[in-house]
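J.: Going down the list, the sequences are from chains A and B.
Position one of the first sequence corresponds to residue 1 (this note's numbering), numbered consecutively onward.
Position one of the second sequence corresponds to residue 1001 (this note's numbering), numbered consecutively onward.
If you scroll down you'll find the structure; I have some questions about it.
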Amino acid sequence: AQRVTQPEKLLSVFKGAPVELKCNYSYSGSPELFWYVQYSRQRLQLLLRHISRESIKGFTADLNKGETSFHLKKPFAQEEDSAMYYCALSGEAQTGGFKTIFGAGTRLFVKA
Amino acid sequence: DAGVTQSPTHLIKTRGQQVTLRCSPKSGHDTVSWYQQALGQGPQFIFQYYEEEERQRGNFPDRFSGHQFPNYSSELNVNALLLGDSALYLCASSQTTGVVYGYTFGSGTRLTVV
């Protein structure tokens, strides 16, 4: 069964400190992993995709298939990073198409 | 490009009533997925529509149904509303190959059942 686990509901760090938001997944095939972010009063938006190997707003995420993890990291947190972060997994289904499931989310609060 | 648009933004219904929510996908997107987000939780997958057919479905009862039109817009219908159906309903659009590109989300419809 597909499952995404974000163990921390709330993460509070000081500005300039490193931040790591944890994500573990369960999936029998080869999933596509994503991080989505929701800033205050804004809609949910895609932050980054593992397939792109990209760094967005200083954030990176490495897929560790052995540990089935996709943790989101940033070396120096900024106040504007305060938001709700969701890890998501997409997998193709036997009946065609794909399904994306989301974790429960982690609220990041960056203190001045 | 207006992105994904959803209507209405807010809705209050009485238990037992029926509701229809609407979604217009981002230009160039042909697949629409619907999610339910209860307070403090992540989005829960309801179903996905492509080529006017339901292609995938999550663990939601048959009271939840949908439709996709030839212009790719979509509706979510919920019958016999329960208090527990109160939530934010999100529409997400993607290209057919969206499995690698991810979703574009609308701002949601806040449904309150009283």
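Even glycine gets a Cβ: it sits at the ideal position worked out from N, Cα and C.
Keep in mind that this is a model prediction, so the values were computed, not measured.
Using a C-beta to C-beta distance shorter than 7 Å, which residues of chain A count as neighbours of P1025 (chain B)?
T.: Within 7 Å Cβ-Cβ: nothing; P1025 (chain B) doesn't reach chain A, min ~14 Å.
J.: Could you tell me whether any Cβ in chain B is nearer than 9 Å to the Cβ of A88 (chain A)?
T.: yes
J.: Going by DSSP, what residue range makes up the beta strand (DSSP E) through K65 (chain A)?
T.: It is not in any beta strand (DSSP E) - K65 (chain A) carries neither H nor E in the DSSP assignment.
J.: In whole angstroms, what is the alpha-carbon distance linking S1024 (chain B) and C23 (chain A)?
T.: 31 Å
J.: Quick one: which residues of the segment 49-80 of chain A get their C-beta closer than 8 Å to a C-beta of chain B? List them in chain order.
T.: R49 and I51
J.: Would you mind reading off the limits of the beta strand (DSSP E) that contains G91 (chain A)?
T.: Taken as a continuous stretch (DSSP letters only), the beta strand (DSSP E) holding G91 (chain A) covers A83 to E92.
J.: Closer than 7 Å by beta-carbon distance: list the chain B residues that pair up with F102 (chain A), in chain order.
T.: G1042 and P1043
J.: Quick one: grab the DSSP three-state call for L1083 (chain B).
T.: helix
J.: Could you have a look at V1019 (chain B) and say whether DSSP puts it in helix, strand or coil?
T.: The answer is strand: DSSP assigns V1019 (chain B) an E or B state.
J.: Is the segment 1092-1111 of chain B touching the segment 29-45 of chain A, taking contact as three or more C-beta pairs under 8 Å?
T.: The way I'd put it, the segment 1092-1111 of chain B does touch the segment 29-45 of chain A; three or more beta-carbon pairs between them come closer than 8 Å.
J.: Return yes when the Cβ of Y25 (chain A) is within less than 9 Å of the Cβ of L89 (chain A), no when it is not.
T.: yes
J.: Going straight from the alpha carbon of S55 (chain A) to that of V1114 (chain B), what length do you get?
T.: 44 Å
J.: What separation, rounded to the nearest whole angstrom, lies between the Cα atoms of Q1006 (chain B) and A112 (chain A)?
T.: 36 Å
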